[in-house]
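Numbering (my numbering), first residue to last: 19 to 475. Note that the Cβ used here is the ideal one computed from N, Cα and C, for glycine as well. Since we're looking at a predicted model, the values are computed, not measured. In what follows, a single structure is set out as structure tokens and then discussed.
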Amino acid sequence: MFSKGFLRIRKAVPVAMAVMMVAGTTVALSSATAGASTSASSSSGTWPGVGKICEPGSGGASTVRGVGSKTINIAVFNDASNTVIPGLEAEFPQQAQAFADWCNAAGGINGRKIVIDNRDAALFNAAQQATAACQSDFMAVGGGMAIDLPAVPIREKCGLGQISGYVVSNASDLASDQVDPSGINVDSVTSGWFGALAKAYPKAVKEAGMGAEDTPSILQSETKYEFGAEAAGWKVVDFPEPPTSVENWTPYVEQYQQKGAQALWPADSGNFTPFAQAMTTAGYHPAFILLGTQFANSQTQQAVVANPSLPPVYVETSWWPLAEASQNPSTEELVTTMHKYAKGDQIDFDDEEGAEAWLLWAKSASACGASLTVTCVLNKAAATTNWDAGGIQAPIAKLTLSNENPQPSPCFTILKGGSKGWIYDKAITQPTQSIWNCNPKNVVQLTPAQVAQLNSL
């Protein structure tokens, strides 16, 4: 995705799942494209681990915006048409349409068919897309915008409820009329991967390079990760703030090199290939590179292989690996659904991120019956306990509205990139549950001064 900070969520992956254990310290996770069965998805409306969420019904007349007698209009925010990183979050509307087709085939939400409205902000039009959604959509589900700050007051003012795919800015973290299935808040940050790498590379993290694109939404989230890294013993010697439209990463790579950064969480977080090439050209060899979960894809893996002089490249993730989807029925159902209804689309963690929001929404909306309102859906979602989307994400003990201090999951795992794909690194992860490190200390509580600093960005 566009920024590690957009992973804001750092959702952890299921603990109620088939155990994936192997001898030694590695498991191959070959690609972001799943290798699960491609058999036709069921049309029963029952999702593994979630239950019956879509079925026929009488529908009925409604005066609620976006709700007709036989239809429900849903906004899916994304930035796919932007020219900086073309295709950004394109998976959100793709996954949403596939889920809608799956649900509608089973009768929809109590007889009302889901209609997807693709609200593409192209990075810089978040306010316009929120305004458009406020005119005709019931809710926003399973999407996200990289620069989401301008949309928040508009959505709140018109009462556009949201079950988010992801949120970025502090304003989005705290927004009203919203349930974020990740449990993200502004007072803490899940960042245990920094501690895991600090244990593996204790000297390197004393000279660390981080960074963030120069826009408030991204600076806030990336600064939170800087706080998390520092709490784990990292000493940040360089934190560049490049513009969102960087094409030449050489000056920033050289800056890291000149500052002596040995542990690297790069400011580049959209496309690793040019950054890797710049490192090779500069002859820059830090001790390791750590990337956000959005980089666990074939493009980044190919960049690692094409630049053999790179140091070890790791990715933190808190999603059930798609290459192992067959070991988790909920993830396998997602893959099967995408193969049936979105043929040709690559499947990656964005699809998991969108799916867990859609599953929570459908479960909650179905429970509301024919009298469908935003308040009912959000209240049902916020009352959900032990939510894990059937195993796609780590369980959240108790969901709540975003403005009522939700609590994130602490779980993560570490993958290592190479010629065989993304390999589970058990030795660095030091798992506590299956392949996941779920130590409560992975969630760092921010100080009042740090929160104030974030709010000033």
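Which of the three DSSP states is assigned to residue i in this structure?
i, result
"Ile202", "coil"
"Trp120", "helix"
"Thr233", "coil"
"Ile172", "helix"
"Ala158", "strand"
"Leu472", "helix"
"Asn188", "helix"
"Ile103", "coil"
"Gln411", "coil"
"Phe142", "coil"
"Thr335", "strand"
"Asp135", "strand"
"Pro458", "helix"
"Val68", "coil"
"Ile446", "helix"
"Thr81", "coil"
"Gly435", "strand"
"Thr149", "helix"
"Ala214", "helix"
"Ala193", "coil"
"Gln425", "coil"
"Ala93", "strand"
"Leu419", "coil"
Measuring alpha carbon to alpha carbon, tell me which of the options ends up nearest residue i.
i, options, result
"Asn397", "Gln180, Gly229 and Ala388", "Gln180"
"Trp338", "Ala470, Val133 and Trp454", "Trp454"
"Tyr219", "Pro304, Thr241 and Phe95", "Pro304"
"Ser389", "Val170, Arg130, Val94 and Phe367", "Arg130"
"Glu231", "Pro199, Asp191, Ser194 and Pro284", "Pro284"
"Tyr243", "Leu282, Asn266 and Lys217", "Leu282"
"Ser427", "Thr101, Asn457 and Val223", "Asn457"
"Val68", "Ala470, Gln146 and Asn404", "Asn404"
"Asp135", "Thr291, Asn128, Ser190 and Ala148", "Ala148"
"Leu352", "Thr89, Ser76, Thr81 and Gln115", "Gln115"
"Glu248", "Lys438, Asn473 and Val461", "Val461"
"Ala193", "Ser344, Thr450 and Ile172", "Ile172"
"Pro330", "Ala150, Trp440 and Ser62", "Trp440"
"Asp443", "Ala467, Asp363, Thr335 and Lys416", "Thr335"
"Cys152", "Val197, Val170, Met297 and Leu475", "Val170"
"Gln312", "Ala341, Val333 and Val254", "Val333"
"Leu309", "Val82, Ala145 and Phe290", "Phe290"
"Pro199", "Ala216, Ala375 and Lys217", "Ala375"
"Pro104", "Ser263, Ser344, Asp406 and Thr391", "Ser263"
"Val469", "Ala145, Phe367 and Phe245", "Phe245"
"Gln320", "Thr447, Ala300, Thr208 and Pro292", "Pro292"
"Gln229", "Thr318, Leu141, Ser437 and Ile307", "The sequence given here places Gly at residue 229; Gln does not occur at that position. Among Thr318, Leu141, Ser437 and Ile307, the Cα nearest to that of Gly229 belongs to Ile307."
"Ile365", "Gly387, Cys386, Ala341 and Ser348", "Ala341"
"Ser209", "Ser316, Tyr184, Glu73 and Trp252", "Trp252"
"Phe142", "Gly177, Pro168 and Lys224", "Pro168"
Classify residue i: buried if its beta carbon has 16 or more other beta carbons within 10 angstroms, exposed otherwise.
i, result
"Lys459", "exposed"
"Pro258", "buried"
"Ser182", "buried"
"Glu370", "buried"
"Glu265", "exposed"
"Gly473", "The sequence given here has Asn at residue 473, not Gly. Label assigned to Asn473: exposed."
"Ser76", "exposed"
"Lys434", "buried"
"Ala401", "exposed"
"Gly408", "buried"
Inset, instruction - Evaluate the contact criterion for the stretch 156-163 versus the stretch 373-385: three or more CB pairs, one atom per stretch, below 8 Å. - result: Touching, yes.
Inset, instruction - Tell me the start and end of each unbroken beta strand (DSSP E) in the stretch 217-292 that is at least 3 residues and wholly inside, in chain order. - result: For the stretch 217-292, whole beta strand (DSSP E) runs of length 3 or above, ordered along the chain, are 254-256.
Legend entry - alpha helix (DSSP H) runs wholly inside the stretch 341-398, at least 4 long, in chain order: For secondary structure counted as the alpha helix (DSSP H) over 4 or more consecutive residues, the stretch 341-398 holds these complete runs in sequence order: 347-359 and 367-386.
Inset, instruction - Spell out a yes or no on whether the stretch 269-279 and the stretch 232-252 are touching, meaning 3 or more CB-CB pairs, one atom from each, closer than 8 Å. - result: Because the criterion of three Cβ pairs below 8 Å is not met, the stretch 269-279 and the stretch 232-252 do not touch.
Inset, instruction - State whether the stretch 405-423 contacts the stretch 195-212, with contact taken as three or more CB pairs (one from each stretch) at a distance under 8 Å. - result: Yes, since at least three Cβ pairs between the stretch 405-423 and the stretch 195-212 fall closer than 8 Å, the two stretches touch.
Inset, instruction - Spell out a yes or no on whether the stretch 351-362 and the stretch 308-328 are touching, meaning 3 or more CB-CB pairs, one atom from each, closer than 8 Å. - result: With the cut-off at 8 Å, the stretch 351-362 and the stretch 308-328 do not touch.
Legend entry - Stretch pair the stretch 90-98 + the stretch 106-125: three plus CB contacts closer than 8 Å: Output reads yes: the stretch 106-125 touches the stretch 90-98.
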